[in-house]
Amino acid sequence: MTNQLLGAVELGLVYGLMVLGVFITFRILKIPDLTVDGSITLGMAVSAMITNAGHPILAIFIALAAGALAGSCTAFFQTKVKIPSILAGIMTMSALYSINLLIMNNGTPNISILGADTVFSLFQDLTGLSKHASMIIAGLIICGIVVALVEFFFTTHTGLCICATGDNEAMVRATSVSTTKMKWIALALANGCVAISGAVYTQYMGYADVTAGSGTIVIGFASVIIGETLCVKRSLPVGFVSAIVGSVAYRLIIAVAIKTNLFPTYFLKLISVLIIAVALAVGPVKAAMTERRNKIRRERENAANS
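With the first letter of the sequence shown counted as 1, position 285 gets the number 1049 in our numbering; the numbers rise by one all the way through.
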């Protein structure tokens, strides 16, 4: 059981940057970006090819650039072609399936990197730590660096304009700030984070598979909501950290549920959808209950005064 929990923490950290990317589009930009399922696999494909060439660290940076390019394609569809955000994400995600196959040795659906050096094996050789310890610490370092850089970016003028675009696009446009540019940068940054997650995932698992990204966006939404539930305080820096926390918590919940046989493994996506549905329903239900209580109170006050 201990090894399963440690594995869940490791996988949660690996997926944490994907959840961070989902948080940027879903909570800051207020756009449900479905490019994620394709851009995470893009990161996996790029990472597998470059890691096998002997450059595991370089693979992460090139995956970042590839993911940013994928996000830019979605932004182009949204802002220039005026395609609705959900459809734009689906189009890019679908196109990336073919591109990912092209990257992976011209059509190979999966690639193994077993035997090649990875960021985890290099870190373990450097520190002499155990396998689990080196993976967790390396994952924390990668997540910490990316979260710190993203948090710093959102303190800049451009980052603040992105936040404002998500809150009130018309107001930002009225101040002569290009909302098209803000959406472009945000989608590129978000999908860059997602692709880094895919690159690290490949080096963690030892392979890349063209179908591995299927359903990733659902996991991302569920993790974002779980993280926000656990981290009650609402601020942008806390939100970034909550994305990582939610990713780890999601994996721990799944690991415990599988270990205790609460549901079979093929129920994972169904449980993820139920988590999202329940979490999203909490707000409207609480608002409706509050409104009902206020209405009853007003009726009683009116009856008492009449």
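Glycine is no exception: its CB is placed at the ideal position from the N, C-alpha and C atoms. This structure is a prediction, so every number in the text was calculated from the model and none was measured.
Name, in chain order, the residues that DSSP records as bridge partners for residue i.
i           : result
residue 876 : 971
For my contact list, residue i and residue j are in at a C-beta cut-off of 8 Å; report their separation, rounded to the angstrom.
i           : j           : result
residue 955 : residue 859 : That belief does not hold up - the Cβ atoms of residue 955 and residue 859 are roughly 13 Å apart, past 8 Å.
residue 968 : residue 868 : Actually they do not touch by this definition, with Cβ atoms about 18 Å apart.
residue 720 : residue 827 : It is not possible to answer for residue 720, since the shown part of the chain is limited to 765 through 1070.
residue 798 : residue 871 : The pair is not a contact, with the Cβ atoms about 24 Å apart (cut-off 8 Å).
Whose C-alpha, out of the options, is nearest the C-alpha of residue i?
i            : options                : result
residue 780  : 911, 971, 924          : 911
residue 817  : 875, 914, 853, 772     : 875
residue 794  : 1061, 1032, 985        : 985
residue 972  : 787, 808, 799, 768     : 808
residue 861  : 1065, 977, 1005        : 977
residue 837  : 919, 813, 815, 800     : 800
residue 966  : 870, 905, 878          : 878
residue 931  : 766, 790, 992, 767     : 790
residue 974  : 813, 907, 906          : 813
residue 1037 : 883, 847, 983          : 983
residue 777  : 1031, 1030, 1016, 1011 : 1011
residue 832  : 1031, 847, 947         : 947
According to DSSP, is residue i helix, strand or coil?
i            : result
residue 841  : helix
residue 996  : coil
residue 976  : coil
residue 1023 : helix
residue 743  : This structure cannot settle anything about residue 743, because the visible part of the chain is limited to 765 through 1070.
residue 871  : coil
residue 896  : helix
residue 913  : helix
residue 901  : helix
residue 985  : helix
residue 1018 : helix
residue 796  : coil
residue 942  : coil
residue 887  : helix
residue 1052 : helix
residue 932  : coil
residue 881  : coil
residue 1104 : Residue 1104 is absent from the model: the chain starts at 765 and stops at 1070.
residue 1028 : coil
residue 818  : coil
residue 1004 : helix
residue 918  : coil
To the nearest angstrom, how far is the alpha carbon of residue i from that of residue j?
i            : j            : result
residue 1044 : residue 786  : 16 Å
residue 805  : residue 865  : 10 Å
residue 788  : residue 1004 : 8 Å
residue 1006 : residue 1055 : 29 Å
residue 892  : residue 885  : 10 Å
residue 1001 : residue 815  : 32 Å
residue 1035 : residue 783  : 17 Å
residue 922  : residue 1046 : 33 Å
residue 1042 : residue 890  : 44 Å
residue 1066 : residue 1053 : 20 Å
residue 981  : residue 851  : 14 Å
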